[in-house]
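Have a look at the structure below, then the notes.
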Amino acid sequence: MDTNTIIYTLIEHSLKRDTFKFDATNEKELTQRIFENGLVGLLFESIDPSSFKMTKYYQMLKQAFGSFVSKDIQQQAIIGHLKTLFNDHKIQHIFLKGSHLKTLYPESYMRGMGDMDVVVPLKQFKEAQKMLIEAGYQFKSATSHHHVYESVDGNFIELHQSITSSNEYENEAFLKDLWEHVTLKDQFTYQLKPEFEYVYLLTHLVRHIRTSGVGIRSLLDIQIFYKAYQSIIDETILNGYLKTYELETFNDKVVRLNNIFTNQLKPNEEDSNIIDFIMKSGIHGTGSDHDLYLNKRAHEQSRLKKSKFRYILGEVFPSRHRIQEAYPYLKKHPWLLPWAWMVRLLKQLFKVKNTKKRIQSVTSDDNIDRVKDVYDYLGL
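Pasting the structure below:
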C-alpha cells in the first residue's frame, strides 16, 4: 500500500479511535512523512504494531509519541499558569491557534504544538511583557507582531500585540479588528468568535504557504475546527468574510483536500500533485526535501510581480518595520537601519547551512513553476 493511502486511512481511523493494519510499500518514507507532517500524536495509537516489517520504524514513532504526550502535559500546565497570570493582572488575552485547537481534537496530545500563542491588547502589551519576565519567563526574540519567551522547562510562548504581520497585507483590515470579534469566556480570558477565527486560521494558512510551507496537520486543523463549531457558526457571516477577502476558492480547496486526507474522497491527478507538494513541505516548510524559501520567492515574483533582483534586495535589506522588533533601537532611531542591516547580515553568516539554502533558493529558478501551480490550484 502506498504512503499517502496509508496516511489517509490512518487519519480516518484515528478520528474514530480505531486501529488499522497496513502493508507499506516504503516504511521509511511513511515514517518520514508522519514525522514531517506533524502527525505522530494523531496517528500513532491507530497503528497496528504488527504493520511494520522493520520494527525500528515503529519504535521511532513510539518514542516520538511519548515525547508528544510529555510535551502536551507541559504545555497544558503552562497555558493554565499563563491564564492565571493574565487574570490576576487583569490583562485581556486570547489563546490562539494550537493553544485553542488542541482542545478540539479527541485528545489534546493528538495535535502537536511548537509554541503557545497568546494575544493581548496593544495598550496592555508592555504590562504583559513585564508580567512574564517577573514570572520567570525569559525573553528570547521579537518580530513585528510578537515577542518570544521561554519557560524554565524549555517551552516557548509567543506574546502577540496583534495577529497581523508584514506577510498578511491584504487581510490586515480584517485581522487588525480582532477585539471586535470576541466573546468573554472567564474573567479576562476571551475567545474569537468562530466565524472570525475560522477565517483567521485560513489567512494564517495562506501566510505559511507563501512564506515557508505547510504540512497535512495545518490543513486538518481547519476541518477539526469547523466540525467543532459547525452547530453555532453563522454561515451567512462566514461566507460574507470569505467573499469579501477573496478566500472562497482557497476555502473550497482546503475543504476538498481535507476530504481526501480523511479518506472521504479519492484524489484526481491534480489533487495528487498538490498533495505531494504539501507532504514534502512538512509543517512550516521543515520537510527534508523542501526548499522553504522557494514559496516566498514564487509568491513575490508571480503574484507581486517582483523581479529576482528586487526580491534579493528585499531579503538583504528588509524594511525598518519588518525588523524593528528584533532591533528595538530602530523605533527611536530609524537612521540606524543600515547598522541593523549589517548586524543582521553578520548573524546570517554564522548560520552557514541556513544561509547556503537561501542563496541556492534565490539564485535558482528550479521548481518555481511547480510552486506557481500550487498557488493556482489553491486560488491564491
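Residues 27 to 406 (this note's numbering) are what the sequence shown spells out, left to right.
Every residue, glycine too, gets a C-beta built ideally from N, C-alpha and C.
Buried or exposed, going by whether 16 or more other CB atoms sit within 10 Å of the CB of residue i?
{"i": "residue 162", "result": "exposed"}
{"i": "residue 309", "result": "buried"}
{"i": "residue 37", "result": "buried"}
{"i": "residue 355", "result": "exposed"}
{"i": "residue 360", "result": "exposed"}
{"i": "residue 247", "result": "buried"}
{"i": "residue 92", "result": "exposed"}
{"i": "residue 64", "result": "buried"}
{"i": "residue 30", "result": "buried"}
{"i": "residue 76", "result": "exposed"}
{"i": "residue 181", "result": "buried"}
{"i": "residue 128", "result": "buried"}
{"i": "residue 51", "result": "exposed"}
{"i": "residue 257", "result": "exposed"}
{"i": "residue 109", "result": "buried"}
{"i": "residue 204", "result": "buried"}
{"i": "residue 177", "result": "buried"}
{"i": "residue 371", "result": "exposed"}
Comparing C-alpha positions only, which one of the options sits nearest to residue i?
{"i": "residue 198", "options": "214, 179, 104, 230", "result": "230"}
{"i": "residue 135", "options": "350, 68, 83", "result": "68"}
{"i": "residue 28", "options": "298, 396, 352, 402", "result": "298"}
{"i": "residue 270", "options": "200, 115, 373, 102", "result": "200"}
{"i": "residue 144", "options": "235, 212, 245, 217", "result": "217"}
{"i": "residue 146", "options": "131, 171, 395", "result": "171"}
{"i": "residue 32", "options": "289, 365, 395", "result": "289"}
{"i": "residue 212", "options": "106, 95, 39", "result": "106"}
Have a look at residue i and residue j and give me their C-alpha separation to the nearest angstrom.
{"i": "residue 407", "j": "residue 367", "result": "Because the chain here runs from 27 to 406, residue 407 falls outside it and cannot be looked at."}
{"i": "residue 158", "j": "residue 232", "result": "30 angstroms"}
{"i": "residue 54", "j": "residue 227", "result": "32 angstroms"}
{"i": "residue 142", "j": "residue 184", "result": "6 angstroms"}
{"i": "residue 276", "j": "residue 82", "result": "39 angstroms"}
{"i": "residue 59", "j": "residue 35", "result": "14 angstroms"}
{"i": "residue 56", "j": "residue 99", "result": "27 angstroms"}
{"i": "residue 44", "j": "residue 103", "result": "28 angstroms"}
{"i": "residue 398", "j": "residue 210", "result": "42 angstroms"}
{"i": "residue 363", "j": "residue 169", "result": "15 angstroms"}
{"i": "residue 349", "j": "residue 238", "result": "18 angstroms"}
{"i": "residue 339", "j": "residue 49", "result": "50 angstroms"}
{"i": "residue 153", "j": "residue 116", "result": "10 angstroms"}
{"i": "residue 150", "j": "residue 294", "result": "50 angstroms"}
{"i": "residue 405", "j": "residue 156", "result": "42 angstroms"}
{"i": "residue 396", "j": "residue 236", "result": "13 angstroms"}
{"i": "residue 352", "j": "residue 86", "result": "37 angstroms"}
{"i": "residue 167", "j": "residue 186", "result": "12 angstroms"}
{"i": "residue 265", "j": "residue 278", "result": "11 angstroms"}
{"i": "residue 206", "j": "residue 122", "result": "16 angstroms"}
{"i": "residue 358", "j": "residue 114", "result": "32 angstroms"}
{"i": "residue 263", "j": "residue 365", "result": "47 angstroms"}
{"i": "residue 80", "j": "residue 373", "result": "42 angstroms"}
Given residue i, which residues of its chain have a CB within under 6 angstroms of its CB, disregarding the five upstream and five downstream residues?
{"i": "residue 124", "result": "139"}
{"i": "residue 343", "result": "367"}
{"i": "residue 378", "result": "In this prediction, residue 378 scores a pLDDT of 47, lower than 50, which makes its location untrustworthy; no coordinate-derived value is stated."}
{"i": "residue 346", "result": "356, 360, 363"}
{"i": "residue 255", "result": "220"}
{"i": "residue 281", "result": "none"}
Any beta carbon of chain B sitting closer than 8 angstroms to that of residue i?
{"i": "residue 84", "result": "The chain inventory of the structure shown lacks chain B, comprising one protein chain alone."}
Residues in the same chain with beta-carbon distance under 8 angstroms from residue i, minus the five sequence neighbours each way, listed in chain order, please.
{"i": "residue 259", "result": "220, 221, 224, 252"}
{"i": "residue 243", "result": "63, 64, 65, 68, 137, 138, 309"}
{"i": "residue 369", "result": "353"}
For my contact list, residue i and residue j are in at a C-beta cut-off of 8 angstroms; report their separation, rounded to the angstrom.
{"i": "residue 303", "j": "residue 400", "result": "5 angstroms"}
{"i": "residue 241", "j": "residue 62", "result": "6 angstroms"}
{"i": "residue 46", "j": "residue 74", "result": "6 angstroms"}
{"i": "residue 274", "j": "residue 268", "result": "5 angstroms"}
{"i": "residue 41", "j": "residue 132", "result": "7 angstroms"}
{"i": "residue 403", "j": "residue 272", "result": "Incorrect: roughly 16 angstroms between the Cβ atoms, too far for contact."}
Keeping to the same chain, check which residues put their C-beta closer than 7 angstroms to that of residue i; ignore five residues upstream and five downstream.
{"i": "residue 165", "result": "159, 173, 175"}
{"i": "residue 78", "result": "53, 84"}
{"i": "residue 202", "result": "188, 190"}
{"i": "residue 101", "result": "139, 142, 181"}
{"i": "residue 285", "result": "291"}
{"i": "residue 250", "result": "127, 130, 131"}
{"i": "residue 208", "result": "120, 216, 217, 218, 219"}
{"i": "residue 118", "result": "146, 147, 150, 214, 216"}
{"i": "residue 300", "result": "400, 403"}
{"i": "residue 94", "result": "66, 67, 135, 138"}
{"i": "residue 89", "result": "none"}
Closer than 7 angstroms to a non-hydrogen atom of the ligand NAD - does that hold for the CB of residue i?
{"i": "residue 39", "result": "By its list of ligands, the structure shown contains no ligand whatsoever, and the ligand NAD lies outside what it can speak to."}
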